[in-house]
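Below is one structure; the comments refer to it alone.
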Amino acid sequence: MNEKNLRTTDLPVERAFLVGAEIKSQPGLLHAADSLEELRLLSETAGLTVVGETIQKLEKPNVSTYIGSGKVEEVRALAEETLTDIVVFDNELSPRHLRDLSNALGKSVRVIDRTALILDIFAQHAVTREGRLQVELAQHEYRLPRLSHAWGHLERQGAGAAGRTGSVGGVGLRGPGETQLEVDKREIRKRISILKKQIEKISEHRDRYRGRRKRSQIPVIAIVGYTNAGKSTLLNRLSNSGIYTADQLFATLDPTTRRVVLPGNHVSLLTDTVGFIQKLPTQLIAAFRATLEEISQADLLLHLIDISHDNAHAQFESVQQTLAEINADHVPTINVFNKSDKLEDPEEAQALLAQTDPDAFLISAKTGQGIDELKIGIMEQLFEKMIPVHVRLPFKEGALIALFHEQGIVDLIENERGGVILTGALPGRLFSRFQEFIL
């Protein structure tokens, strides 16, 4: 997509045709139809007008065109009939898939995949300098292996009399296509290196800020959840702030932190993080590593789930998978089921949660229902609940050893060479600080 948004103010709205594939050997969290519906919402968020869609069931992806040759012909005909500008695949396509599909569907139609679409949405919604740098890095890392097919026609012209080996008289020659390809790849690699250094500087600043924050002993709460679960609305409700919210996927991208006063006049910091989604591009997870560290370093997670959504369970599992990917699945978590105002019978839902997840909370961030109870639950988790731990602390971590004795409960101390093993319990707000030392 050459790092340009799919939609700009000086271009007409592009018409998109969506293609999904249900791969028997690669089952997803969502059924193909539900995943394609999510792709439609993503496309609309990116500014596209969806004019049609189709799904094919396959044993495994076609090595050349991902979907079968017959389905390719069907998509080509439908794209012509609906005046499609862009065909969006719900699955990530390899460089070969992109090349062969582009050839099969014709020059008048562009082909992209779900990953490229999500990257474009992030590019549109990134506001801060860090966010823009992270998105650009992810875009370049996605584009780099997919550059070769763009210059294929010039490579073929460059073979000429030298034959397909590109060699004359034992001297290797490069066609103009290959030369341009190498130039492009070199420039992208150079830009990737620059971006990583810039992001690392921001990350170092974030680490220093996080260190000061920990020394102040103010606990940090991170709101996590599937995109459009209502994270920004909950942040506004808990902190009485005015963060932008909208009923769309990835309405907000850059993390926001606000001060929250809990019952008992306990102060904490509440962070709204980027929304997760199934098939979240690995390039984004890597590029947003510094931002996502805010989650893994938090003292408590509020996992927000849209209880009114038909695929609430699949969305919950998708978030859990992503938390494991970023090494944040160890952080104490409260499950918060949001949008109770959309339920026909909230009391029935509350009764069911009491049986299946008694520590969870049912709320409406929009109306304020259940917010007072949630605040009490957060306060108890951070300041009253004691979590059993068994840690080995080196003597150089004297501050942590002292903190354990001052605010924890020590049941057993074992001295060993270079450190001490402590068994006991810690307040929830301190648990994450000892995570790397847990036995």
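Count the sequence shown with this note's numbering and you get residues -2 to 436, in order. Ideal placement from N, C-alpha and C gives every residue a C-beta, glycine not left out. Computed from a prediction, not measured in an experiment: that's the story for all the values here.
At least one CB of chain B closer than 8 Å to the CB of residue i: is that the case?
{"i": "E345", "result": "Protein chain content of the structure displayed is limited to a single chain, and chain B is not contained in it."}
Assign residue i to one of two classes, buried (16 or more other C-beta atoms within 10 Å of its C-beta) or exposed (fewer than that).
{"i": "I292", "result": "buried"}
{"i": "I410", "result": "exposed"}
{"i": "R111", "result": "buried"}
{"i": "T5", "result": "Caution applies to T5, whose pLDDT of 41 falls short of 50 and renders its modelled position unreliable; the value that the coordinates give is listed next. Exposed, by the Cβ-count rule."}
{"i": "V10", "result": "exposed"}
{"i": "I191", "result": "exposed"}
{"i": "A13", "result": "buried"}
{"i": "S105", "result": "exposed"}
{"i": "P391", "result": "exposed"}
{"i": "L298", "result": "buried"}
{"i": "P278", "result": "buried"}
{"i": "K228", "result": "buried"}
{"i": "I435", "result": "exposed"}
{"i": "R256", "result": "exposed"}
{"i": "K54", "result": "exposed"}
{"i": "N308", "result": "buried"}
{"i": "L379", "result": "buried"}
{"i": "V60", "result": "exposed"}
{"i": "G67", "result": "exposed"}
{"i": "T364", "result": "exposed"}
Using the DSSP secondary-structure output, state which residues sit across from residue i in a beta bridge.
{"i": "E411", "result": "I418"}
{"i": "H263", "result": "L259"}
{"i": "D354", "result": "Looking at the DSSP assignment, D354 forms no beta bridge with any residue, so it has no partner."}
{"i": "P216", "result": "BP columns for P216 are empty, so no partner."}
{"i": "I83", "result": "A13, R107"}
{"i": "V124", "result": "Paired residues: none, contrary to the question."}
{"i": "T253", "result": "D269"}
{"i": "V132", "result": "Answer is none; V132 lacks a bridge partner."}
Below 8 Å on the Cβ atoms is my contact criterion, and I expect residue i with residue j to pass it. Report the Cβ-Cβ distance as a whole number of Å.
{"i": "A29", "j": "E19", "result": "4 Å"}
{"i": "T79", "j": "G128", "result": "About 34 Å; that fails the 8 Å criterion."}
{"i": "I406", "j": "A422", "result": "5 Å"}
{"i": "L134", "j": "A284", "result": "4 Å"}
{"i": "L27", "j": "A311", "result": "5 Å"}
{"i": "L340", "j": "I304", "result": "7 Å"}
{"i": "A76", "j": "L102", "result": "6 Å"}
{"i": "P92", "j": "R37", "result": "About 26 Å separates the two Cβ atoms, so there is no contact after all."}
Can you tell which of the options has the C-alpha that lies nearest to the C-alpha of residue i?
{"i": "N262", "options": "D296, I215, K228", "result": "I215"}
{"i": "L266", "options": "S361, Q294, L141", "result": "Q294"}
{"i": "L232", "options": "A101, K54, I360", "result": "I360"}
{"i": "T253", "options": "L90, K104, V47, I220", "result": "I220"}
{"i": "V72", "options": "A120, G17, V124", "result": "G17"}
{"i": "L15", "options": "G25, N59, I64, E56", "result": "I64"}
{"i": "S238", "options": "L436, L98, T224, D269", "result": "D269"}
{"i": "T81", "options": "A113, I196, T420, V47", "result": "V47"}
{"i": "E403", "options": "P424, V84, L39", "result": "P424"}
{"i": "E433", "options": "Q378, L350, R107, V328", "result": "V328"}
{"i": "T62", "options": "A43, D338, F86", "result": "F86"}
{"i": "I384", "options": "I274, I196, F428, K372", "result": "F428"}
{"i": "S22", "options": "A357, R414, L45, P58", "result": "P58"}
Exercise for review: Entirely within the stretch 270 to 344 and at least 3 residues each: give me those beta strand (DSSP E) ranges in chain order.
Suggested key: 297 to 303, 330 to 335
Practice item. Write down every uninterrupted run of the beta strand (DSSP E) in the stretch -2 to 78 whose length is 3 residues or greater and which is fully enclosed by it, in chain order. Key: 12 to 20, 46 to 55
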